[in-house]
Structures are given as C-alpha cells and as structure tokens.
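Enquirer:
Protein chains: 2
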Amino acid sequence: MRHVPTASQAKPAPNGRGRRGSRASGDDRERAILETAERLLEERPLREISVDDLARGAGISRPSFYFYFPSKDAVVLTIIDRLVAAAAGSREQALRTLAEGEPRAGLRQGLEDLYAAFRSRRAVVLAAAELRTANDEARELWTEVMEGWVADVTAVIESERARGAAPPGQPARDLAIALVQMNERVQYATFADESPSLEDDRVLDVLVDIWLRAIYGAAEPG
Amino acid sequence: MRHVPTASQAKPAPNGRGRRGSRASGDDRERAILETAERLLEERPLREISVDDLARGAGISRPSFYFYFPSKDAVVLTIIDRLVAAAAGSREQALRTLAEGEPRAGLRQGLEDLYAAFRSRRAVVLAAAELRTANDEARELWTEVMEGWVADVTAVIESERARGAAPPGQPARDLAIALVQMNERVQYATFADESPSLEDDRVLDVLVDIWLRAIYGAAEPG
DNA sequence: CCACCTTATCAACACCGCGTCGATTGAGTC
DNA sequence: GACTCAATCGACGCGGTGTTGATAAGGTGG
Numbered sequence: 064m065r066h067v068p069t070a071s072q073a074k075p076a077p078n079g080r081g082r083r084g085s086r087a088s089g090d091d092r093e094r095a096i097l098e099t100a101e102r103l104l105e106e107r108p109l110r111e112i113s114v115d116d117l118a119r120g121a122g123i124s125r126p127s128f129y130f131y132f133p134s135k136d137a138v139v140l141t142i143i144d145r146l147v148a149a150a151a152g153s154r155e156q157a158l159r160t161l162a163e164g165e166p167r168a169g170l171r172q173g174l175e176d177l178y179a180a181f182r183s184r185r186a187v188v189l190a191a192a193e194l195r196t197a198n199d200e201a202r203e204l205w206t207e208v209m210e211g212w213v214a215d216v217t218a219v220i221e222s223e224r225a226r227g228a229a230p231p232g233q234p235a236r237d238l239a240i241a242l243v244q245m246n247e248r249v250q251y252a253t254f255a256d257e258s259p260s261l262e263d264d265r266v267l268d269v270l271v272d273i274w275l276r277a278i279y280g281a282a283e284p285g
Numbered sequence: 064m065r066h067v068p069t070a071s072q073a074k075p076a077p078n079g080r081g082r083r084g085s086r087a088s089g090d091d092r093e094r095a096i097l098e099t100a101e102r103l104l105e106e107r108p109l110r111e112i113s114v115d116d117l118a119r120g121a122g123i124s125r126p127s128f129y130f131y132f133p134s135k136d137a138v139v140l141t142i143i144d145r146l147v148a149a150a151a152g153s154r155e156q157a158l159r160t161l162a163e164g165e166p167r168a169g170l171r172q173g174l175e176d177l178y179a180a181f182r183s184r185r186a187v188v189l190a191a192a193e194l195r196t197a198n199d200e201a202r203e204l205w206t207e208v209m210e211g212w213v214a215d216v217t218a219v220i221e222s223e224r225a226r227g228a229a230p231p232g233q234p235a236r237d238l239a240i241a242l243v244q245m246n247e248r249v250q251y252a253t254f255a256d257e258s259p260s261l262e263d264d265r266v267l268d269v270l271v272d273i274w275l276r277a278i279y280g281a282a283e284p285g
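This is the structure in structure tokens:
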C-alpha cells in the first residue's frame, strides 16, 4: 500500500516520501533536488545517478539529502506522482470526448493526448519504467495507472458492443489489457529509441489502426 | 557488437563470456554455476542474487567465481544465449508452417510454440528482460532477436498482401513492430503475474485474435 | 624424480554506493 | 540569554563488486 495521496495537495503535512516534518526555508532545497533529478535524468538513466549526484546538484552534502528524501527512489516517485496526476487530466478529457458519441475520433484524440503527455516528459517515463522492476511502491503506482486505463477501455469496448457498433469477440477486459500493454511497450521503445522501434511520427497511426481493427473489426474477413 | 557465436558450438575455444582458456575438470564448476543461477532465478530476481550466492551455490569462493565468468551478468547472458538458440528452432518451424500456404493456422501455431518455449523458461526470460535495461550486451542480443521476428512477420504480412489475402494498410514493418512488441509485453506481464495481466490460458486467444484483425481486417468496418 | 608450466583456489585488499549517528551551527522564540 | 528546533555534515558501518598475489595440486618432459 502506498501512503501518499498522489500529489496535487501542494505542501500540507509530512508525507511518506517528502521531507520529514516542518516547512522552513528548506523548501528551496527540496525543489532543487527534484530539479536536479529531472535534469540528470535527461542525460543518463536512473541507475547511473547516485544520491551524491543529487545532493551535489542541489548544493548540499549527501547526509543532508536524507533530511529531504528517504532515498533516491523517493525522489523519482515524487516526480512520477506529479506526472501521473497530470496525465490523469488527459485521460479524463479523452473519456469525455469518447462519451460524446464520437468514439473513433475520441479514441484517436485520447491516445494522442496520452502520447503527448508522456512524450513531453520522456526522461521521467523511462525512469519510471526502470524503477518499476525494482521498487515495490513504483510497481504499485504503475499498477494503479494501468488498471485505471484498462477499466476505462474495457467500459468503452463494452458500450460500443452494446450499441452494436462493435462486434462481439474476446472478453472486453482481456482485449483492453493487451491493447493498453501494447501502447505502453511501443511508446517505451520509441522513447528509448530502441531498435526495432517505431518512428516518433508513426506511433499514433499504427497504434490507432490496430485499436480500431481490434475493437471494430470482424473476427476474420479476407 | 557481441563477440560470441551464439552458443551451440559445444566447447571449442575461449569465448567472451565463458571461462578463460583450457578445458580441464573445472567444466563441472562452470556447469554448477549456471545451474545455481537458474535455480536461484526461480526463487528471486537477478538483482537479489549476488556473485557470492552463485559462488557458494557452486561450492567455490567468490574470487574463484571470477575464474569462470567475468561477472554475474555474463552468467545470465550465457543462459539466455542458449535459450535464444533453442527458441530460434521454434521460430524456423513456425515460418515453415506459415510458408506452406496455411498462414492463419501457421500464425497460431507459431505464436503458440514461441509462447511455450518462453513459458517453460519463465525465470530466465524475466531475468533477460531485467538485464536488458542495464546491460549493453543483453540489449544487443534482445535487439537481434526482436529484429529477427520483426523481419519474419514483415515478410509474412507483405506476402499475404501480395496474394490478396490481406488488405493494404499501415507499412508492414510498422505493423510488425507493434505486434511483436505487444506480444513481448503481454507475455512478460503474464509471466511476472503483474496486475493487470492476462491469465495464462487466455494469452494466446487474445493475441492471435488481435494479430488476425490487424493483418487481415479491413480498416474500419461496423 | 624433479623442475616446470598451467589450472584452480582463496585470503586480503581497494573501491563504491547506501543509509545512519552524533555533533554542530544558526535563526527564532519566550 | 537560555531554549528549541530546522538544517547541515564528518565519520562510520555495511554490503556489494572486482582485483591481486600467494599457494596448492595435477600433468609433462628432460
């Protein structure tokens, strides 16, 4: 279980991740650490950034770092929390468009918004993916996010089937899981510039096409 | 560039990963280390296995370990090399079935064989995925494997389009990349028992369905 | 059979990154 | 001017990695 109210509550009260108690001038330091982390993540992966790097970057010693954050991971988790809160906005927006009876356009719009939100914080997203394999809290956060999307997509598929726009097929939730995970993986590969990976400007066309065919396509045409 | 001839050449000559020179009785130790690694990977992730664990498991001291392998990663890479060589068999088999004019059945068969091959070495596959993010050599090996599959799938799609069985659509290679990456991610999630993830016995039905719709489906029916 | 190479082994070491402890400073009450 | 408490950091212990150098334990051949 995570203990933090997923950010967005400006400063009040100590939380599991942030500084312990108080709110004196050291707010600057805390911000400095977060900014240093974001800056360094643009240059190299999390695993190559030490607590000392973060401390020095923020102009303090390593032990002082621990006054503000309990660990390196906690810093990144704080950053991710905020990104996730921001992305939640995009998701709600997309859902609303979807609900307005124009599901295909809405779908494209939704995937576009999400892609843009993550694309703009590429470094953080890659760090989050790296953390996920090692850190329980990160894994739980990721799970929450994925479950949220899967639930939404499942609802959309079911409603499209109910109104006859989409044919029956695999259980909606199973389909949703595979599609959401496809997006995660494809986008990650593009952000990380893996090979093979899709070109940045091809990602959406390809993903949207597969989603539409998976949801609206008949089982086996041609 | 990797320097190792992807295993399968029993013992000859020192290679980049294995023991340096010679082939005395210490062959047993080398095998013992590899077996210890596989055994421990069934219990816990690579990151929680130390060189000392591997050494003790093989009945030698930590420094002695370095006589056989240059690092913990090298051990896992050796294991992965062998798995990949084995999986290459499945892939060739699948391709042959595919080429015999029964592409849909062949596709299902191919995905099934691959899934079974990896499923049976779950622990190793998960370790490989973990290594990939941290280790250059692992990343290159993974790239080779992925590029191989993408190339094959691209060829299949193009040939199906050429003979009129599949309609035109996104560039075949782009489609292939997304589908192959989807499989990777979905299978990983299932092996790791993430949430959300597909149930073990649902994976193939869902993946095959999406593949068929993505390849053979029309752009936008219903 | 003994000098010699080569295989195989490990204690001891140097290094790095993490997280903690305890002492110290300095600004703000009362 | 005595007290508090946020903030800082030197020094430490821990656990992990990889290396060095000394040593034993087989052949091999002169």
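Residue numbers (the working numbering), protein chains in the order written: chain F, 64 to 285; chain H, 64 to 285.
Glycine included, C-beta positions come from ideal geometry on N, C-alpha and C.
Could you run through the region 200 to 230 of chain F and flag, in chain order, every residue whose CB is less than 7 angstroms away from some CB of chain H?
Expert: T206, M209, E210, V213, A228, A229, P230
Enquirer: Got a sec: is the Cβ-Cβ distance from E247 of chain F to anything in chain H below 8 angstroms?
Expert: yes
Enquirer: Could you spell out the range, first to last residue, of the alpha helix (DSSP H) harbouring A150 of chain H?
Expert: Per DSSP, the unbroken alpha helix (DSSP H) holding A150 of chain H starts and ends at 135 to 162.
Enquirer: Kindly say whether E106 of chain F, judged by its beta-carbon, lies nearer than 8 angstroms to any beta-carbon of chain H.
Expert: no
Enquirer: Suppose the cutoff is 8 angstroms on Cβ atoms and the five residues either side in sequence are ignored; what does the same chain contact list for V249 of chain H look like?
Expert: S260, L261, V266, V269, L270
Enquirer: So what does DSSP say about N198 of chain F, is it helix, strand or coil?
Expert: coil
Enquirer: Would a check of beta-carbon distances place E165 of chain F closer than 8 angstroms to chain H?
Expert: no
Enquirer: Checking 8 angstroms against the spacing of the C-beta atoms, do G169 of chain F and E175 of chain F come in under that value?
Expert: Between G169 of chain F and E175 of chain F, the C-beta gap is not smaller than 8 angstroms, which leaves the two residues out of contact.
Enquirer: What residues in its chain sit with their C-beta under 6 angstroms from that of T196 of chain F, if we drop five residues either side in the sequence?
Expert: none
Enquirer: Would you kindly check if the distance between the Cβ of I273 of chain H and the Cβ of I220 of chain H is under 8 angstroms?
Expert: no
Enquirer: What is the DSSP secondary structure of E257 of chain H, counted as helix, strand or coil?
Expert: In this structure, E257 of chain H counts as coil in the three-state DSSP scheme.
Enquirer: Name the chain H residues whose beta carbon is nearer than 8 angstroms to that of L270 of chain F?
Expert: Simply A241.
Enquirer: Measure the CB-CB distance between F130 of chain H and I96 of chain H and report whether it falls below 8 angstroms.
Expert: no
Enquirer: Consider the Cβ of A150 of chain H: report whether some Cβ of chain F lies at a distance smaller than 8 angstroms.
Expert: Interface criterion not met: the Cβ of A150 of chain H is under 8 angstroms from no Cβ in chain F.
Enquirer: Would you mind reading off the limits of the alpha helix (DSSP H) that contains L117 of chain H?
Expert: L117 of chain H -> alpha helix (DSSP H) spans 114 to 120.
Enquirer: Relative to the alpha-carbon of D237 of chain F, which residue among H:R226, H:S258, H:R202 has its alpha-carbon at the smallest distance?
Expert: H:S258
Enquirer: Give a yes or no on whether the C-beta atoms belonging to L177 of chain H and S153 of chain H are separated by under 8 angstroms.
Expert: In this structure, L177 of chain H places its C-beta atom within 8 angstroms of the C-beta atom of S153 of chain H.
Enquirer: Shortest alpha-carbon distance to V138 of chain F belongs to which of F:E106, F:P166, F:R226, F:E200?
Expert: Restricting attention to F:E106, F:P166, F:R226, F:E200, the CA atom closest to the CA of V138 of chain F is found in F:E200.
Enquirer: What do you reckon, are the CB atoms on D136 of chain H and R125 of chain H nearer than 8 angstroms?
Expert: no
Enquirer: Whose C-alpha, out of H:T217, H:R80, H:W212, is nearest the C-alpha of A150 of chain H?
Expert: H:W212
Enquirer: Using a Cβ-Cβ distance under 8 angstroms, would E193 of chain F count as near chain H?
Expert: By this cut-off, E193 of chain F is an interface position.
Enquirer: Within a Cβ cutoff of 6 angstroms, which residues of the same chain sit near G120 of chain H, ignoring the five residues on either side of it in sequence?
Expert: Here the set comprises T99.
Enquirer: Does D264 of chain H have its Cβ less than 8 angstroms from a Cβ in chain F?
Expert: Not one chain F Cβ lies under 8 angstroms of D264 of chain H.
Enquirer: For the alpha helix (DSSP H) that contains D33 of chain F, what are its first and last residues?
Expert: Outside the displayed span of chain F (64 to 285) sits residue 33 of chain F, for which this structure offers no information.
Enquirer: Along chain H, which residues have their Cβ under 7 angstroms away from the Cβ of L238 of chain F?
Expert: The contacting residues are V269.
Enquirer: If you draw a straight line from the C-alpha of A148 of chain H to the C-alpha of V187 of chain H, how long is it?
Expert: 14 angstroms
Enquirer: Who are the Cβ neighbours of R171 of chain H in its own chain at under 8 angstroms, not counting the five residues just before and after it?
Expert: L267, V271
Enquirer: Give a yes or no on whether 8 angstroms exceeds the smallest Cβ distance from A235 of chain F to chain H.
Expert: So no, A235 of chain F is outside the interface.
Enquirer: Which residue from F:L194, F:F181, F:L140 puts its Cα closest to that of E111 of chain F?
Expert: Comparing Cα positions, the closest option is F:L194.
Enquirer: Using a beta-carbon distance below 8 angstroms, is A168 of chain H in contact with chain F?
Expert: no
Enquirer: My guess is that G280 of chain F and G280 of chain H are in contact by the Cβ rule of under 8 angstroms, so how many angstroms apart are they, rounded?
Expert: Taking a contact as a CB-CB distance under 8 angstroms, the pair G280 of chain F and G280 of chain H counts as one, their CB atoms being some 3 angstroms apart.
Enquirer: Give a yes or no on whether 8 angstroms exceeds the smallest Cβ distance from Q244 of chain H to chain F.
Expert: yes
Enquirer: Under a three-way DSSP split, which group does G169 of chain F fall into?
Expert: Correct three-state label for G169 of chain F: helix.
Enquirer: Buried or exposed, going by whether 16 or more other CB atoms sit within 10 Å of the CB of G122 of chain F?
Expert: exposed
Enquirer: For E247 of chain F, collect the residues of the same chain with a Cβ closer than 8 angstroms to its Cβ; drop the 5 residues on either side in sequence, then sort them by chain order.
Expert: M209
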